[in-house]
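In what follows, a single structure is set out as structure tokens and then discussed.
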Amino acid sequence: MKPFRYARARDPQEAVQMVAVDAAASFVAGGTTVLDLMKDDVERPSLLVDINGVAGRAIVRAGDEIAIAALARMSDVADDPEIAKHAPMVANALLQSASPQLRNMASIGGNLMQRTRCSYFRDIVAPCNKRRRGDGCSAIGGENRRHAIFGGSESCICVHASDLAVALAAADATIHTNGPGGTRAIQVSDFYLLPRDTPNVETALHHAELISSVTLSLDPALANSTYVKVRDRAQYEFALVSVAAGMEIVGGTIRAARIALGGVAPIPWRVPEAEAALVGRPATAASYREAAEIALAGARGCGGNDFKVALAANAVVRALEQIGSAA
Amino acid sequence: MDSAIPELATAGTLPSAAPAAASILGPGEVQIELEVNGERHELSVEPRVTLLDALRERLKLTGTKKGCDQGTCGACTVLVNDRAIDSCLTLAVMHVGDRITTIEGLASGEQLHPMQAAFVEHDGFQCGYCTPGQVLSAVALVREGRMTGDDAIREQMSGNICRCGAYENILAAVRDGARRMA
Chain A
3 MKPFRYARAR
13 DPQEAVQMVA
23 VDAAASFVAG
33 GTTVLDLMKD
43 DVERPSLLVD
53 INGVAGRAIV
63 RAGDEIAIAA
73 LARMSDVADD
83 PEIAKHAPMV
93 ANALLQSASP
103 QLRNMASIGG
113 NLMQRTRCSY
123 FRDIVAPCNK
133 RRRGDGCSAI
143 GGENRRHAIF
153 GGSESCICVH
163 ASDLAVALAA
173 ADATIHTNGP
183 GGTRAIQVSD
193 FYLLPRDTPN
203 VETALHHAEL
213 ISSVTLSLDP
223 ALANSTYVKV
233 RDRAQYEFAL
243 VSVAAGMEIV
253 GGTIRAARIA
263 LGGVAPIPWR
273 VPEAEAALVG
283 RPATAASYRE
293 AAEIALAGAR
303 GCGGNDFKVA
313 LAANAVVRAL
323 EQIGSAA
Chain B
1469 MDSAIPELAT
1479 AGTLPSAAPA
1489 AASILGPGEV
1499 QIELEVNGER
1509 HELSVEPRVT
1519 LLDALRERLK
1529 LTGTKKGCDQ
1539 GTCGACTVLV
1549 NDRAIDSCLT
1559 LAVMHVGDRI
1569 TTIEGLASGE
1579 QLHPMQAAFV
1589 EHDGFQCGYC
1599 TPGQVLSAVA
1609 LVREGRMTGD
1619 DAIREQMSGN
1629 ICRCGAYENI
1639 LAAVRDGARR
1649 MA
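Here it is, written out as structure tokens:
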């Protein structure tokens, strides 16, 4: 790692201020993303502002809402009984993420800010528009088995790495921030940005804007939910494809549905047309298959990842079957 | 808030108590105190020194191993405040005030920790390089009450790679070690 300066902020305002005055400064919480990228020389912050002391790590339920502190660790949230009961797809996504050690280290805010695992992005001798705009995308025409079937552009076909973000997208979660301009609340659907011709810009956050918490609004489709992750090995592996799905089923009829796909796009990929197709339909295998085909209708492989289209459709069916039979 | 930002320091001291004002330290060496296996150590490290390198290179606690150095293999596993972490992906300066346990801190004198004894008995290794990390992950999974069966062991040990492939014996050792720790 290149030399850098370090400071421990005492409160969120101080952390934001310290990063705001230095364009090359970064926050650090668990460190599992930023230090990894610094070792690979992909990120070179001049200053790391340690935010571990600026706030608590609580997960608090108040009425129909659960607020998760951004500094809560992945394992804290995965083990929380309220999350497991009211938002199982969030707990399931976290339990299938990373390794036990990394789940003990990585914060929720950091998990949402992690960067793509595209090997070209992490290999500084390979051209990558995300690292330096205009250099080209090595994955297009290169090794792209793990890459996007939705939402890619001429400049980038990476996939987003977070399982949690997929579950939060399906849950319509809200991300709360502290920044130089004050506080704001951002829907997950507005938080992640498609690469278009600026793949270096990944989220709606401004420099020095710090995630403070994530809130979930509880509803029956979130309570009856699951996260299916398909990967090359059973543990400690990123998704080839994944599905966060929830359904409210009353008397055998689907009243509401939530579906988002992971491992298929540069952002968590919500599929509203497939959700709409389920509402009012019987909770049967035929309904699930039809929704899966709608969900994957616009998908396009780029060679190495063509298999993901059928794999993702089957994963949608499997997820819906799991929560269909549980209801 | 601008006036609260201190002048850039090239070195400094990070006390265990919260400072009156957040100081910007480094990139030169910073004086820190780490509590490892119940003992307090004073050392000087640049902010970029990982906890792993501080343990191995400064405190000469070489039981903690460096494998991949990127959070993939688990050879560097230590317990921080009783939770298993990868010491390669965290900075030494971030652990002032924490309780750190390394493999050297498990045994009582010549008396092996029950999990260490189980690894010996079941031959839960070949070359042994991954073993300190394996043992610490195993101790953490038992202490955290996650020992619910073989599937739980496989998941909770998934962050520790054994290139020799001694997994069957590791599984047997963790099963038995959990019984001995009960």
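Here the protein sequences come in this chain order: A and B. Offset between the first sequence (1-based) and our numbering: plus 2. Offset between the second sequence (1-based) and our numbering: plus 1468. Glycine included, C-beta positions come from ideal geometry on N, C-alpha and C.
- Interface annotation, Ala11 (chain A): in contact with chain B, CB-CB separation under 8 Å.
- Within chain B, no C-beta atom comes nearer than 8 Å to that of Phe29 (chain A); the closest sits roughly 12 Å away.
- Secondary-structure assignment with DSSP links Ala27 (chain A) through a beta bridge to A:Leu49.
- What Glu1623 (chain B) touches in chain A, judged by beta-carbon distance under 7 Å, is Gln237, going in chain order.
- Thr1599 (chain B) carries a helical assignment under DSSP once its states are collapsed to helix, strand and coil.
- Note on geometry: alpha-carbon atoms of Gly253 (chain A) and Glu84 (chain A) lie some 26 Å from one another.
- Spanning the alpha carbons of Ala89 (chain A) and Ala301 (chain A) requires a straight line of approximately 28 Å.
- The C-alpha of Cys1556 (chain B) is placed about 6 Å away from the C-alpha of Thr1518 (chain B).
- The beta-bridge partner set that DSSP reports for His178 (chain A) consists of A:Ala187 and A:Ser215.
- A contact is defined here as three or more CB-CB pairs under 8 Å, and the stretch 171-180 of chain A meets this definition with respect to the stretch 210-230 of chain A.
- Every alpha helix (DSSP H) stretch that sits fully inside the stretch 71-154 of chain A and reaches 4 residues is listed by chain position as 76-80, 83-88, 90-97, 102-107 and 110-115.
- Identification of chain B residues near Lys132 (chain A) by a Cβ-Cβ cut-off of 8 Å yields none; the smallest Cβ-Cβ distance measures about 19 Å.
- Taking 8 Å as the CB threshold, Thr1616 (chain B) stays off the interface with chain A.
- Under the Cβ criterion (8 Å, minimum of three pairs), the stretch 127-140 of chain A does not count as touching the stretch 47-64 of chain A.
- Relative to the Cα of Gly1531 (chain B), the nearest Cα in the group B:Thr1545, B:Ser1576, B:Gly1627 and B:Gly1539 belongs to B:Thr1545.
- Here Arg117 (chain A) has no same chain residue with a Cβ atom under 6 Å from its own Cβ, once five neighbours each way along the sequence are excluded.
- In this structure, the beta-carbon distance from Gly1496 (chain B) to Glu1525 (chain B) does not fall below 8 Å.
- For Val18 (chain A), there is no enclosing beta strand (DSSP E); the enclosing alpha helix (DSSP H) has its first and last residue at Pro14 to Ala22.
- In the DSSP assignment, Met1583 (chain B) falls within the unbroken alpha helix (DSSP H) covering Pro1582 to Glu1589.
- With respect to chain B, the C-beta atom of Gln103 (chain A) has a partner C-beta closer than 8 Å.
- Assignment of Arg1647 (chain B) by DSSP, reduced to helix, strand and coil, places it in the helix class.
- Interface residue (Cβ-Cβ distance to chain A less than 8 Å): Pro1600 (chain B) is not classified as such.
- For Ala1552 (chain B), at least one C-beta of chain A is nearer than 8 Å to its own C-beta.
- For Ala1490 (chain B), a Cβ of chain A is located within less than 8 Å of the residue's own Cβ.
- Residue-level contact check: Ser1626 (chain B) touches chain A, since one or more beta carbons of chain A fall below 8 Å from its beta carbon.
- Of the candidates A:Arg257, A:Pro274, A:Asn307 and A:Asn226, the residue whose Cα lies closest to the Cα of Gln324 (chain A) is A:Asn226.
- Close to Pro5 (chain A), with beta-carbon spacing below 9 Å, are these residues of chain B in chain order: Gly1494, Pro1495, Gly1496, Glu1514, Pro1515 and Arg1516.
- DSSP, reduced to helix, strand and coil, places Ile159 (chain A) outside both helices and strands of the structure shown, so it counts as coil.
- Taking 8 Å as the threshold, the shortest C-beta distance from Glu16 (chain A) to chain B falls below it.
- Counting only unbroken stretches of 3 or more residues, the beta strand (DSSP E) elements lying wholly within the stretch 1508-1553 of chain B are 1545-1548, in sequence order.
- Contacts with chain A (Cβ-Cβ distance below 7 Å) from the stretch 1548-1582 of chain B involve Arg1551, Ala1552, Ile1553, Asp1554, Leu1557, Thr1558, Leu1559, Val1561 and Met1562, listed in chain order.
- If you keep only unbroken beta strand (DSSP E) runs of at least 3 residues inside the stretch 294-325 of chain A, you get nothing at all.
- Interface with chain A (8 Å Cβ-Cβ cutoff): Thr1545 (chain B) is included.
- Burial check for Ser327 (chain A): the Cβ neighbour count within 10 Å stays below 16, so the residue is exposed.
- Taking CB atoms only, Gln1584 (chain B) has no neighbour in chain A less than 8 Å away.
- Under the 8 Å Cβ criterion, the stretch 1562-1570 of chain B does not count as touching the stretch 1626-1634 of chain B, having fewer than three qualifying pairs.
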